[in-house]
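Notes to accompany the following structure.
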Amino acid sequence: MRLLATAGRVLSQLRRDPRTVAMMALLPMLLVGLFAWVMPARQFNAIGPMLIALFPFIVMFIVTSIATLRERTSGTLERLLTTPLQKAELLFGYELAFGLVAVLQAVLVVTFSVYVCGLTIDGNLWVVGGMAVLNALMGTALGLLASAFARTEFQAVQFMPVFVFPQMALGGVFMPRDQMPDVLSAVSDWLPLSYSIEAVQRATDGITGWDLTRPLLILVGVTLLALLLGSLTLPRRTP
Amino acid sequence: MKRGKVQVFDELDLDLHPGRITGLMGPSGCGKSTLIRCIVGIQRVQSGLVLVLGHPAGSPKLRRRVTYSSQQASVYTDLSVAENVSYFTRLYGLPRSEADRVIAAVGLADQRTQRADDLSGGQLTRTSLAIALLGKPEVVVLDEPTVGLDPVLRAELWTIFRELADSGITLLVSSHVMDEANRCDDLILMRQGRIIAHTTPAHLLTESGKPDPDEAFLELIRRDVARTARHSMAGTVARTDVAPRHAEEER
């Protein structure tokens, strides 16, 4: 199965790079820990869920955009496209490999937040963890897409501040979205990270039903759309 | 001959013979890579139809019959030789033994567990070549496989190419080192995006009256320049792009 072969290959590459694995698995956890230490408990309880949404997304976005950019520039992508491998198999191979890492990441970050940092979660822990995984998968998909617009790794890392920071500002991290000026609130309705934060917040608050399903579906939709657009940026024929 | 037949320009059929090495020679930037990319179906062509073995270049049917190794050794440098080869083995849906076969065929059995970024330039090229041999393709297209290698490594690679040709594979190998022309069975000479000769090494020398391929090629270029100049004066355009024109666009 070519999809599994691709996921296996991506994971072998990761295994060869312990520092990246450590960053993917541990960094979200350590950052959450840092915030918990800096802030009084009440404030941390408010911001903790957002961190659980943000850090997996950011870490996966960076790692994937660089990994796939390398694939594009090293000639291996071109070679893959002369084999029977389908583009969807390549993209979902990446999603699967990074998805597995995301599961590990989510387990660590949620467990650590709750049992070490004392984050109060009213909802189901597994749902919160699942949201973190979805966010990581969306980060992977958007990273894949973003890599098409970078020529070098140097350019790829620049997407992080350009792409992520404005979304953080508008996504409700510093100010609830409904209290923002109307224009900004309207803009934030169109940013995927707004729904990442919304989904994790609602999951931690124990909200279920449509109020939780709606942001969840939006996350899944954005992920699939990014993958579809990503596959269009992998033309078999290039100039 | 049907097998190994590659039609490139609309007026031009390139016959590549099974079991023979065809050298695609020409100065850097003359369009060798573009022509090769057309043949393996990854070059976006302006218009026109490129047929390889009777199928449009790059069509799924050809992906097991025509393989390609690009100018840069396209392998994952953070994986070992065996990991690289076995990944592609799985993509082609081939048995594990096939990975061992191609690794042995390029003489890398002792390096199989080494990471690709620890390999020498020649070994890296051979890893890339091993991947191109998976599944016993009919046509193997190699873009400048010997570029930047010392003479000893180049000789080693040509020995491997010869063994492959002897096993019945059609090889198309590009190079800008004219010395390597002598190692080919057939030659295609290119200049400025055009094929100026399709010949054999022996014929190249007799026709040009020069003692070595380097001189012979320069002589052909001189003649071509003279011809192009005459055509230009007559107001006709002599240049034909590698991207074929005047035919229906593929896909």
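Listed in order, the protein sequences are those of chains A and B. Residue 3 is where the first sequence starts when you use this note's numbering, and the numbers rise one by one after that. Residue 6 is where the second sequence starts when you use this note's numbering, and the numbers rise one by one after that. All residues carry an ideal CB built from backbone N, CA and C; glycine is no exception.
Residue burial classification, A/ASP184 (beta-carbon count within 10 angstroms, cutoff 16): Numbered from 1 along the first sequence, position 182 holds the residue referred to as residue 184 of chain A. Counting the other Cβ atoms within 10 Å of the Cβ of A/ASP184 gives fewer than 16, which makes it exposed.
Alpha-carbon spacing of B/VAL55 relative to B/MET30, whole angstroms: Mapped onto the second sequence, residue 55 of chain B falls at position 50. Mapped onto the second sequence, residue 30 of chain B falls at position 25. Rounded to the nearest angstrom, the two C-alpha atoms are 20 Å apart.
Run of the beta strand (DSSP E) containing B/GLN191, from where it starts to where it stops: Counting from one through the second sequence, the residue named residue 191 of chain B turns up at place 186. Rather than Gln, the amino acid found at residue 191 of chain B in this sequence is Asp. Per DSSP, the continuous beta strand (DSSP E) segment holding B/ASP191 begins and ends at 191-196.
Whole-Å CB distance - A/VAL166 paired with A/ILE60, under 8 Å assumed: Translated into the one-based positions of the first sequence, residue 166 of chain A becomes position 164. Translated into the one-based positions of the first sequence, residue 60 of chain A becomes position 58. Separation of the CB atoms of A/VAL166 and A/ILE60 is rounded to 6 Å, and the pair is thereby assigned contact status at 8 Å.
Cβ shell of A/LEU106 (< 6 Å), same chain only, five flanking positions each side left out: Looking up residue 106 of chain A in the first sequence gives position 104. If we look at A/LEU106 and ignore the five residues flanking it on each side, its Cβ neighbours are ALA27.
As assigned by DSSP and simplified to three states, the class of B/GLU254: To locate residue 254 of chain B, count along the second sequence from 1; it is residue 249. Residue confidence for B/GLU254 is low, a pLDDT of 36 falling below 50, so the modelled location carries little weight and cannot support an answer.
Below-8 Å beta-carbon distance, A/ASP213 vs any chain B residue: The sequence position of residue 213 of chain A within the first sequence is 211, counting from 1. Interface annotation, A/ASP213: not in contact with chain B, CB-CB separation never under 8 Å.
B/LEU225 and B/LEU192 closer than 8 Å at C-beta: In the second sequence, counting from the first residue as 1, residue 225 of chain B sits at position 220. In the second sequence, counting from the first residue as 1, residue 192 of chain B sits at position 187. Contact: no.
Residue range of the unbroken beta strand (DSSP E) whose run includes A/VAL175: Along the first sequence, one-based indexing puts residue 175 of chain A at 173. No beta strand (DSSP E) holds A/VAL175; DSSP gives it neither H nor E.
For B/ARG68 and B/LEU58, believed in contact at Cβ under 8 Å, the rounded distance: For the purposes of this step, residue 58 of chain B is taken as the residue at position 53 of the second sequence. For the purposes of this step, residue 68 of chain B is taken as the residue at position 63 of the second sequence. Not quite, the Cβ-Cβ distance comes to about 12 Å (not below 8 Å), so this is no contact.
Within chain A, partners of B/GLY53 - CB distance below 9 Å: By 1-based counting over the second sequence, the position of residue 53 of chain B is 48. Here the premise fails: no neighbours, minimum Cβ distance about 13 Å.
Spatial neighbours of A/LEU139 in its chain, beta-carbon cut-off 7 Å, leaving aside the 5 residues before and after: What you label residue 139 of chain A is simply residue 137 of the first sequence in a count that begins at 1. Only GLU97, GLY101, ALA104, THR225 meet the Cβ criterion.
Cβ-based burial, B/VAL13 [other Cβ within 10 Å; buried from 16]: To locate residue 13 of chain B, count along the second sequence from 1; it is residue 8. Low confidence applies to B/VAL13: its pLDDT is 47, below 50, so where it sits in the model is not reliable, and the reading given next is rough at best. If you draw a 10 Å sphere on the C-beta of B/VAL13, you find 16 or more other C-beta atoms in it, and that means buried.
Beta carbon proximity, A/PRO163 to chain B, threshold 8 Å: What you label residue 163 of chain A is simply residue 161 of the first sequence in a count that begins at 1. The C-beta of A/PRO163 comes no closer than 8 Å to any C-beta of chain B.
N-terminal and C-terminal residue of the beta strand (DSSP E) that A/TYR117 is part of: Within the first sequence, the letter at position 115 stands for residue 117 of chain A. Element bounds for A/TYR117: n/a, residue is neither H nor E.
B/LEU176 vs B/VAL145 beta-carbon contact at 8 Å: Indexing the second sequence from 1 puts residue 176 of chain B at position 171. Indexing the second sequence from 1 puts residue 145 of chain B at position 140. A contact, by the Cβ cut-off of 8 Å.
Unbroken beta strand (DSSP E) run spanning B/LEU176, endpoints: Counting from 1 along the second sequence, the entry for residue 176 of chain B is found at position 171. Here the beta strand (DSSP E) through B/LEU176 covers 175-180.
Cβ pair count under 8 Å reaching 3, the region 10-23 of chain A against the region 102-109 of chain B: Taking a cut-off of 8 Å on C-beta distances, the region 10-23 of chain A does not touch the region 102-109 of chain B, as fewer than three cross pairs fall below it.
First through last residue of the beta strand (DSSP E) which encompasses B/THR204: For the purposes of this step, residue 204 of chain B is identified with residue 199 of the second sequence, where counting begins at 1. Per DSSP, the continuous beta strand (DSSP E) segment holding B/THR204 begins and ends at 199-204.
Cβ-Cβ separation, B/GLY126 to B/LEU158 (assumed contact under 8 Å), whole Å: Mapped onto the second sequence, residue 158 of chain B falls at position 153. Mapped onto the second sequence, residue 126 of chain B falls at position 121. Under the criterion of beta carbons closer than 8 Å, B/LEU158 and B/GLY126 qualify as touching, at roughly 7 Å.
Cβ-Cβ distance between B/SER85 and B/THR130 below 8 Å: Locating residue 85 of chain B in the second sequence gives position 80, where the first residue counts as 1. Locating residue 130 of chain B in the second sequence gives position 125, where the first residue counts as 1. If you check the CB distance, B/SER85 and B/THR130 do not come in under 8 Å.
N-terminal and C-terminal residue of the alpha helix (DSSP H) that A/VAL202 is part of: For this step, residue 202 of chain A is matched to residue 200 along the first sequence. For A/VAL202, the enclosing alpha helix (DSSP H) covers residues 194-206.
Residues within the region 36-62 of chain B neighbouring chain A, beta-carbon criterion of under 9 Å: Here the close residues are ARG42, VAL45, GLY46, ILE47, GLN48, ARG49, VAL50.
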